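Chemist: Reminder that position 120 of the sequence shown reads as 131 in our numbering, one-by-one numbering, no gaps.
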Amino acid sequence: MKKFTKSVLAASILSTLCFSAANAAKYTVVDKGEVNGVKFTYGQASNNAGEMAISGTNILNFPVQFEYISDATFDLIFLYAQSNAILSRDLEPIEDFEALKAGNPTANDLAWTVLYLNANASNPLFQKVGAVVAMYNAGAGSTTEEIAVFDKVFEGTGDLTRSTTDYVNGISNGSWLYGTASSPYVPIDHTTEVYDENGDVVESVTRTMFVKEFALDGEDGFITRGYLYSPSGDLIPVRPFDQTYGGISAVSDYNDDAQIAVGYASTEINETVLEVIESDDFVEINGQSQIGCKNPDSLNLIPFEVCVETILLSTAYSTEATKWTIDPVSGTTEVELLGKLITEQDEDDLRSFVSYAQKVNSSGVAVGYAEGWFNDNRTGPRDITQLYAVVYRDGKVLDFNENKAEYFNSRAYDINDNGIAVGHTSHWVNGSIRTSFYYVDTNEEQPTLVMPKDFFVGSASTARAINIHGQVVGEGEVEFHNDSGGQKQRRRNAFLYDIESDTFTNVNDLLSCEQRLDYTIVEARDIDDNGGISATALIKAPRLDAKGEPVEGVFDDVLRAVYLQTTDGEIEDCAQDDEKYERQGAGMGILATFMLSLFAIRRRLFK
């Protein structure tokens with residue numbers, strides 16, 4: 012291990028003396044249970060009271076608005092199911108076409124309808140399907156509850172649109188939830204005039220399109236926006252520095268003591284993008300002509316909102332790490348930009364460089380990552396950049412990456428109140444790029460990354476969180492096979508690392524022998540000051556159909572949010588249990604798919 016110069020770390024070690032070491036106690040799994048409406052759940056974060064922020068994916072019993080589906084589209088859904096059923100191990104061709112058209116589909120036919128909607132997600136004529144659900148669990152024995160954030164019900168129904176993607180990134184010790192969520196898609200009627208060669212209207216065609224609302228005519232529209240959700244159920248939108256056409260923002264952490272939230276936000280909209288949105292003519296871009304969103308021909312074909320969304324989904328905004336000072340009573344916020352790592356660039360370099368803040372401690376020191384030069388001896392506007400772990404302190408962006416040629420593309424995900432930060436950095440191992448978790452004392456004049464040994468040489472690992480006692484959690488690869496071709500993803504397990512004792516442990520080894528048979532902890536996202544861990548486990552559960560009903564006699568491997576609670580006792584020495592390994596082996600074929608789902612939502616709006 013690299014040498015680590017101790018300073019305030021001594022204070023962390025002193026506090027740890029009053030706290031039972033992680034390896035002197037085992038953990039018990041508190042299963043947060045099946046959640047009505049979603050197939051998979053993921054432990055995002057927990058506070059010192061044991062409350063949890065939980066994410067859910069794979070929405071069940073999706074509220075398809077059948078009145079907006081034409082007969083021609085029903086026929087296409089039928090053909091889509093016919094041609095794809097041979098590739099599915101779970102679904103059959105359409106079972107009852109007439110019932111489907113009547114809006115009363117079987118679970119099988121509902122599944123095909125949702126799959127078809129997803130396949131046409133970029134087409135405004137089709138209802139949109141949301142990806143991620145934000146949820147809250149109050150602790151032991153409580154039921155996990157959904158937070159709809161910015162979603163709304165379809166007019167004339169009691170159904171939420173389920174078209175939003177709602178990330179919950181954490182929960183503070185004061186029970187405030189925070190994250191970022193998208194705005195819903197709502198149906199509007201749009202009429203297109205059809206003209207003959209003389210310019211006369213020969214036909215008017217009215218179609219329903221699903222659009223986002225934007226900041227027009229007094230509407231508070233946006234694509235994505237950060238939020239705080241109070242213990243009493245009040246929602247506080249956290250607005251960006253630049254709100255042109257809504258802007259974008261995300262809250263990645265909120266500190267109760269300092270009443271500070273951090274994340275990122277839009278600072279300005281791209282001038283060319285704005286020109287296209289505002290133009291009623293054509294705009295020349297790189298030698299090509301782009302029709303403006305206010306061009307009469309464009310407005311005849313699609314609503315203005317559809318054009319704006321299409322343009323904004325490209326790289327429309329410059330984004331920067333941001334701090335918001337929150338008044339929890341009035342809900343008002345003050346916005347402060349935290350800065351960027353690249354502050355100087357050539358005049359002909361028109362790129363906009365980004366920065367993100369991930370966590371902030373009670374002293375107001377934040378960590379995250381920012382775009383920086385890969386080669387400090389840069390020569391021109393085409394120089395390569397990478398994302399590097401940084402500290403935001405005293406109005407400065409501090410880079411603690413020592414050797415950018417050897418260690419690159421790093422992240423800082425958490426910092427405790429002693430100033431110890433954790434994350435991962437990338438480097439080459441045996442011809443492949445791997446990540447290695449680290450910790451670093453940000454109080455040092457020249458902070459040095461410390462990369463402890465993890466599961467094995469060449470295992471990709473990342474640290475997600477650290478508590479006040481210097482306990483670090485994350486996940487890493489536990490399989491040795493070569494995955495360079497991407498054919499088979501390496502299996503991952505959660506780990507617990509103790510800085511004081513320099514001890515690295517697979518979290519699964521801290522469970523009882525009995526629970527090891529039922530749960531495989533694949534990821535640990537957070538650890539509170541009591542040592543409790545917010546995690547995600549792979550378990551066996553009854554298969555659910557598209558309506559959320561169990562399929563008799565069939566079980567699936569599913570991902571489940573769990574809380575790992577400390578218990579007195581020693582690590583149990585379990586005999587090899589054939590049942591466990593048989594279960595794990597059987598699940599590996601589809602585990603790769605689950606893990607892609609797991610790590611896709613981890614990227615959230617953070618790269």
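Note that the Cβ used here is the ideal one computed from N, Cα and C, for glycine as well. Quantities reported herein were computed from a predicted structural model and do not represent experimental measurements.
The alpha helix (DSSP H) with Lys112 in it runs from where to where?
Modeler: Lys112 -> alpha helix (DSSP H) spans Phe108 to Lys112.
Chemist: Whole angstroms is fine: what's the gap from Thr175's alpha carbon to Met146's?
Modeler: Roughly 14 Å separates the two Cα atoms.
Chemist: Kindly identify the DSSP beta-bridge partner or partners of Ala332.
Modeler: Tyr275 and Gly350, per the DSSP bridge assignment.
Chemist: Using CA coordinates, which residue listed in Ile271, Thr172, Gly181 and Glu289 is at the minimum distance from Ala64?
Modeler: Residue Gly181 is the option with its Cα nearest to Ala64.
Chemist: Does DSSP classify Trp187 as helix, strand or coil?
Modeler: Correct three-state label for Trp187: coil.
Chemist: DSSP has Thr68 in a bridge; who is on the other side?
Modeler: Paired residues: Phe51 and Val143.
Chemist: Just grab the DSSP bridge partners of Trp384 for me.
Modeler: BP columns for Trp384 point to Thr396.
Chemist: Assign Gln138 to one of two classes, buried (16 or more other C-beta atoms within 10 Å of its C-beta) or exposed (fewer than that).
Modeler: So Gln138 ends up on the buried side.
Chemist: I'd like to know whether the C-beta of Leu398 is nearer than 8 Å to at least one C-beta of chain B.
Modeler: No chain B is part of this structure, which consists of one protein chain only.
Chemist: To the nearest angstrom, how far is the alpha carbon of Ile259 from that of Leu348?
Modeler: Cα to Cα, the separation comes out at about 14 Å.
Chemist: Residues bridged to Arg218 by DSSP?
Modeler: Answer is His201, bridged to Arg218.
Chemist: Under 8 Å, with one C-beta from each stretch per pair, do the region 212-226 and the region 293-300 reach the 3-pair mark?
Modeler: Flag = no, the region 212-226 and the region 293-300 do not touch.
Chemist: For Gly434, which of helix, strand or coil comes out of DSSP?
Modeler: Here Gly434 sits in strand by DSSP.
Chemist: Considering only C-alpha positions, which residue in the set Ala381, Gly434, Leu323 and Ser443 is nearest to Pro463?
Modeler: The candidate whose alpha carbon is nearest that of Pro463 is Gly434.
Chemist: From Leu71 to Leu570, what does the alpha carbon distance come to, in whole angstroms?
Modeler: Distance between the alpha carbons of Leu71 and Leu570: 15 Å.
Chemist: So what does DSSP say about Thr255, is it helix, strand or coil?
Modeler: Looking at Thr255 - three-state DSSP - the assignment turns out to be helix.
Chemist: If you run the structure through DSSP and keep just helix, strand and coil, what is Leu128?
Modeler: Three-state result, Leu128: helix.
Chemist: May I ask you to report which of helix, strand or coil DSSP gives Ala92?
Modeler: Correct three-state label for Ala92: helix.
Chemist: Beta carbon of Val518, beta carbon of Ile532: below 8 Å?
Modeler: Yes, the pair counts as a contact, with Cβ atoms nearer than the cut-off.
Chemist: Is the beta carbon of Tyr178 closer than 8 Å to that of Ser81?
Modeler: No, the Cβ-Cβ distance between Ser81 and Tyr178 is not below 8 Å.
Chemist: Using the beta-carbon count (16 or more within 10 Å), is Val273 buried or exposed?
Modeler: Buried.
Chemist: Could you tell me which residues DSSP puts in a beta bridge with Trp439?
Modeler: Its beta-bridge partners are Ile444.
Chemist: Under DSSP, the beta strand (DSSP E) around Pro463 begins and ends at which residues?
Modeler: Premise fails: Pro463 is in no beta strand (DSSP E) and is neither H nor E.
Chemist: Would Tyr238 pass as a contact of Thr191 if the rule is Cβ separation under 8 Å?
Modeler: It is a contact, given that the beta carbons lie within the stated cut-off.
Chemist: If we ignore side chains and look at the alpha-carbon of each, how far apart do Val378 and Thr459 end up?
Modeler: Rounded to whole angstroms, Val378 to Thr459 spans 15 Å at the Cα level.
Chemist: Assess, as a yes-or-no matter, whether the region 467-479 is touched by the region 424-431 under the definition of 3 or more beta carbon pairs within less than 8 Å.
Modeler: Enough Cβ pairs lie closer than 8 Å, so yes.
Chemist: Please determine, among Ile105, Tyr127, Leu128 and Glu109, the residue with the shortest C-alpha to C-alpha distance to Ala118.
Modeler: Ranking the options by Cα distance to Ala118, first place goes to Ile105.
Chemist: Exposed or buried, which one is Arg100 when buried takes at least 16 other CB atoms within 10 Å?
Modeler: Classification for Arg100: exposed.
Chemist: Could you pull the start and end residues of the beta strand (DSSP E) that Glu563 belongs to?
Modeler: Per DSSP, Glu563 belongs to the beta strand (DSSP E) from Pro561 to Asp579.
Chemist: Counting pairs of Cβ atoms below 8 Å between the region 279-294 and the region 187-201, do you hit three or more?
Modeler: No, the region 279-294 is not in contact with the region 187-201.
Chemist: Keeping to the same chain, check which residues put their C-beta closer than 6 Å to that of Thr326; ignore five residues upstream and five downstream.
Modeler: Once the five neighbours on either side are set aside, Thr326 has no close Cβ partner at all.
Chemist: Since Val41 sits in a beta bridge, which residues does DSSP pair it with?
Modeler: Answer is Tyr574, bridged to Val41.
Chemist: Taking the alpha-carbon positions, what's the Tyr424 to Tyr449 distance?
Modeler: Near 11 Å, if we compare the C-alpha coordinates of Tyr449 and Tyr424.
Chemist: Have a look at Leu310 and Gly210 and give me their C-alpha separation to the nearest angstrom.
Modeler: Using only the alpha carbons, I get a separation of about 16 Å.
Chemist: Taking the C-alpha atoms as reference points, what is the distance between Ser277 and Glu355?
Modeler: Between Ser277 and Glu355, the C-alpha separation is close to 20 Å.
Chemist: Near Ser183, what residues of its chain come up, given a Cβ to Cβ distance below 8 Å and the 5 sequence neighbours on each side ignored?
Modeler: Closer than 8 Å at Cβ, skipping near neighbours: Asn58, Tyr189, Tyr265, Asn266 and Asp267.
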